[in-house]
Amino acid sequence: MSLNINKAFDSEKNLWEVKLIGEIDISTANSLKEILIKLLEEKEIDIKLDCKELDYIDSTGLGVLIGILKRLKSIDKDIIIINPKPNISKLFKITGLDKIFIIK
Amino acid sequence: MTTKCANKSEDSKKENICMSLPSKPEYVSIVRMTSSVIANKIGFNIEDIEDIKVAVGEACNNAVLHGCDSNIFKVEFIISEEKFIIEIEDEGKGFNVDKYPHPDICNPKESGLGIFIIKSLMDNVEVKSSPGKGTFIRMIKFLNEKDKAYN
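Keeping their order, the protein sequence lines are chains Y and Z. For the first sequence, the UniProt record's numbering gives the first residue as 1, with consecutive numbering after it. For the second sequence, the UniProt record's numbering gives the first residue as 1, with consecutive numbering after it.
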């Protein structure tokens with residue numbers, strides 16, 4: 001199983017646009033964490049996660065996103081999740097995380 | 001990884017598949033994929049298959065995170081006409097089930113969502129664990145009437 005992460009800086013909206021492709025689980029969550037932390041070290045701005053091609057996420061992946069969101073919230077920034085598949089929306093909903101992440 | 005082929009148990013309508021895997025993150029996806037293939041074969045709908053896959057993944061995460069590198073964890077899939085039972089057992093550190101916190105959305109934590117997710121997605125969940133003695137998780141998903149009729 002693999003996870004591909006495409007990242008780009010959107011200068012117009014001043015945010016990181018990160019496309020997640022594949023699966024985030026216990027074996028790939030750490031690489032996601034490292035990449036997101038690196039982006040924030042470069043620029044502490046909003047992160048937009050495009051989940052159109054994200055097939056799976058588990059609690060380890062959600063844990064990474066919670067950690068990054070906490071860091072962003074402390075400086076009044078956010079994580080915006082767009083295009084989640086129904087199975088991924090369901091997980092955000094049952095854990096109540098749909099109330100702390102911006103999901104579009 | 002070792003996989004025993006399907007053994008017929010006393011009840012001819014029940015069949016078991018057992019797996020024994022190293023407690024390493026890279027093996028979790030194998031169990032997850034296997035569970036979704038079996039759930040599909042039993043006749044569950046797509047949403048249920050997805051629930052089973054996530055719940056099994058979480059139980060395996062638990063086994064890997066609480067186990068040690070040299071340990072193995074065991075998975076048993078019990079297949080019958082009306083339900084799918086999955087048992088996941090490790091000999092790792094274990095944890096105190098009673099002290100397992102309910103997620104608090106006002107103070108979200110980076111870990112501790114796993115068991116909560118399993119309980120939300122499966123119809124029946126039993127967790128036995130104690131510090132130093134490993135963990136046993138048994139979960140059941142029932143085939144709904146509509147899917148049964150379709151089969």
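Ideal placement from N, C-alpha and C gives every residue a C-beta, glycine not left out. In this text, all values refer to a predicted model and were calculated from it rather than measured experimentally.
| Query | Result |
| --- | --- |
| Length of the line joining the Cα atoms of residue 148 of chain Z and residue 44 of chain Z | 8 Å |
| Cβ of residue 101 of chain Z within 8 Å of any chain Y Cβ | no |
| Length at least 3, wholly inside the UniProt domain "Histidine kinase/HSP90-like ATPase" (21 to 141) of chain Z: the beta strand (DSSP E) runs in chain order | 72 to 79, 83 to 90, 124 to 129 |
| Identity of the residue in Z:118, Z:67, Z:126 nearest residue 94 of chain Z by Cα | Z:67 |
| Sequence ranges, alpha helix (DSSP H) only - wholly within the stretch 69 to 100 of chain Y, length at least 4 | 86 to 94 |
| Validate contact between the stretch 130 to 143 of chain Z and the stretch 79 to 95 of chain Z using beta carbons, cut 8 Å, 3 pairs | yes |
| Spatial distance of residue 13 of chain Z from residue 50 of chain Z (CA atoms) | 24 Å |
| Chain Y residues whose Cβ lies nearer than 8 Å to that of residue 20 of chain Z | Those within 8 Å of residue 20 of chain Z in chain Y number zero; the least Cβ separation is about 18 Å. |
| contact_flag[the stretch 79 to 90 of chain Y, the stretch 37 to 50 of chain Y] where n(CB pairs < 8 Å) is 3 or more | yes |
| Contacts of residue 89 of chain Y in chain Z (Cβ-Cβ under 9 Å) | Within 9 Å Cβ-Cβ: nothing; residue 89 of chain Y doesn't reach chain Z, min ~11 Å. |
| Residue 70 of chain Y versus Z:74, Z:125, Z:29, Z:108, residue with shortest Cα-Cα distance | Z:108 |
| Three-way DSSP call (helix, strand, coil) for residue 43 of chain Y in this model | coil |
| contact_flag[the stretch 102 to 119 of chain Z, the stretch 50 to 62 of chain Z] where n(CB pairs < 8 Å) is 3 or more | yes |
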